[in-house]
Amino acid sequence: MKNKDIKISNIIESCNLKVVCCQELSGRGIEGGYASDLLSDVMANTKAGDIWVTLQGHPNIVAVAKLKELAGIIIVNGRTPEEETLNKAKAENIIILTSNLPAFELIGRLYESGISGMR
Amino acid sequence: MHKKTAFEQIFQIKGGDFINAGEPSIKIRNILKDIGIDADIIRRVAITAYEAEMNVVMYGQRGTMKLLVTPEKIVLHIQDKGQGIEDIELAMKPGFTTATEEMREMGFGAGMGLPNIKKNADRFNIRSTIGQGTKLRITFKVK
Ligand SMILES: Nc1ncnc2c1ncn2[C@@H]1O[C@H](COP(=O)(O)OP(=O)(O)O)[C@@H](O)[C@H]1O
Ligand SMILES: [Mg+2]
Numbered sequence: 143m144k145n146k147d148i149k150i151s152n153i154i155e156s157c158n159l160k161v162v163c164c165q166e167l168s169g170r171g172i173e174g175g176y177a178s179d180l181l182s183d184v185m186a187n188t189k190a191g192d193i194w195v196t197l198q199g200h201p202n203i204v205a206v207a208k209l210k211e212l213a214g215i216i217i218v219n220g221r222t223p224e225e226e227t228l229n230k231a232k233a234e235n236i237i238i239l240t241s242n243l244p245a246f247e248l249i250g251r252l253y254e255s256g257i258s259g260m261r
Numbered sequence: 005m006h007k008k009t010a011f012e013q014i015f016q017i018k019g020g021d022f023i024n025a026g027e028p029s030i031k032i033r034n035i036l037k038d039i040g041i042d043a044d045i046i047r048r049v050a051i052t053a054y055e056a057e058m059n060v061v062m063y064g065q066r067g068t069m070k071l072l073v074t075p076e077k078i079v080l081h082i083q084d085k086g087q088g089i090e091d092i093e094l095a096m097k098p099g100f101t102t103a104t105e106e107m108r109e110m111g112f113g114a115g116m117g118l119p120n121i122k123k124n125a126d127r128f129n130i131r132s133t134i135g136q137g138t139k140l141r142i143t144f145k146v147k
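Protein sequence lines correspond, in order, to chains A and B. According to the numbering used here, the first sequence holds residues 143 to 261 in order. According to the numbering used here, the second sequence holds residues 5 to 147 in order.
Shown next, in the form of structure tokens:
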């Protein structure tokens, strides 16, 4: 069964993610997942509670996550977000995680952990 | 029936300021949430506010976004003093963009902003004058 009672803290462990902002938000539930690097696409097609997988690390990802009430952001490929991104994330209560894996690999592991993009 | 009084607020948008971009849209979302507007309407307002705001940041030089809330409707007025749009019909086409390479690297410039505004609004109006700027009026029915 997919998307059942999965919390950010569960995927931090199962997918070996690093929390770069707001560890205290790791109790948040994840309802689904979405992967994209195009901000208009994310604005249009995510649902509230989605975990968002992206390469983007600039401050605007925080506004997008906030406006769409996403569960959090995972930045892949070993990229680190800009300093200003972290300041914004703190101000807006958005949890940001990073992974050394490329998107394909990480999304496969998220799926194995029980997160689906379809609901 | 609970009767809300009309509410109005204006937000400034600074062209080229990618750091603070999105803040007016977030404030609008927060206001609507506080008022207790339906979640689906908030979602649609948030999408349109953000797309319209980013167009001012990217192409508009400087501008404002006004939020108006009445018991019947929510209206966003966005206007800027930018270069204006030469061919509105072309600008409305999905995928059309004049975003720079730098903007596209940041994930902007999908050419979906105006089409998504139209799709999510109950009414959408756009007027533009070359060399003077662009005005958008986006309306949502509240019920
Ligand atoms: N406020 C504006 N002022 C000037 N040009 C604009 C404005 N809004 C949109 N445009 C033009 O319309 C095009 C399409 O806009 P949009 O659908 O939002 O896609 P994108 O922003 O991804 O390019 C833009 O690339 C730009 O050329
Ligand atoms: Mg746009």
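We put the CB at the ideal spot given by N, CA and C, even for glycine.
Name the two residues that bound the continuous alpha helix (DSSP H) containing residue 23/B.
Working through the second sequence from its first residue, we reach residue 23/B at position 19. Residue 23/B -> no alpha helix (DSSP H), and no H or E assigned at all.
Report back the beta-carbon spacing between residue 162/A and residue 248/A to the nearest angstrom; my notes put them in contact at under 8 Å.
Mapped onto the first sequence, residue 162/A falls at position 20. Mapped onto the first sequence, residue 248/A falls at position 106. Actually they do not touch by this definition, with Cβ atoms about 15 Å apart.
Using a Cβ-Cβ cutoff of less than 6 Å, which residues in the same chain neighbour residue 70/B once the five nearest sequence positions on both sides are dropped?
As a first step, residue 70/B must be located in the second sequence, where it is residue number 66. Result list for residue 70/B: 14, 81, in chain order.
Where residue 117/B and residue 238/A are concerned, what is the direct C-alpha to C-alpha distance, given to the nearest angstrom?
Here the question's residue 117/B lines up with position 113 in the second sequence. Here the question's residue 238/A lines up with position 96 in the first sequence. Each residue's Cα considered, the two are about 25 Å apart.
Can you tell me whether DSSP reads residue 252/A as helix, strand or coil?
Mapped onto the first sequence, residue 252/A falls at position 110. Helix.
Output yes or no for whether 9 Å exceeds the beta carbon distance between residue 257/A and residue 175/A.
Taking the first residue of the first sequence as position 1, residue 257/A is located at position 115. Taking the first residue of the first sequence as position 1, residue 175/A is located at position 33. Taking 9 Å as the Cβ cut-off, residue 257/A and residue 175/A qualify as a contacting pair.
For the segment 209 to 227 of chain A, which residues have a beta carbon sitting closer than 9 Å to at least one beta carbon of chain B?
Against chain B - using a Cβ distance shorter than 9 Å - the residues of the segment 209 to 227 of chain A are 209, 210, 211, 226.
Can you list the residues near ligand 2, meaning Cβ strictly closer than 7 Å to any non-hydrogen atom, in the order they appear in the chain?
Cβ atoms closer than 7 Å to ligand 2 belong to 182/A, 55/B, 58/B, 59/B, 62/B, 112/B, 117/B, 118/B.
Quick one: give me the first and last residue of the alpha helix (DSSP H) that residue 133/B is part of.
Position 129 of the second sequence, counted from the start, is the residue given in the question as residue 133/B. Counting along the chain, residue 133/B falls outside any alpha helix (DSSP H), though it belongs to the beta strand (DSSP E) covering 127 to 133.
How do the segment 47 to 61 of chain B and the segment 82 to 100 of chain B stand: do at least 3 beta-carbon pairs fall below 8 Å, yes or no?
Flag = yes, the segment 47 to 61 of chain B and the segment 82 to 100 of chain B touch.
Mind checking the segment 18 to 38 of chain B against chain A and listing, in chain order, the residues whose C-beta falls within less than 8 Å of any C-beta there?
Correct list: 22, 23, 25, 26, 27, 29, 30, 33.
Helix, strand or coil, according to DSSP, for residue 151/A in the structure here?
To locate residue 151/A, count along the first sequence from 1; it is residue 9. Three-state DSSP puts residue 151/A in a helix.
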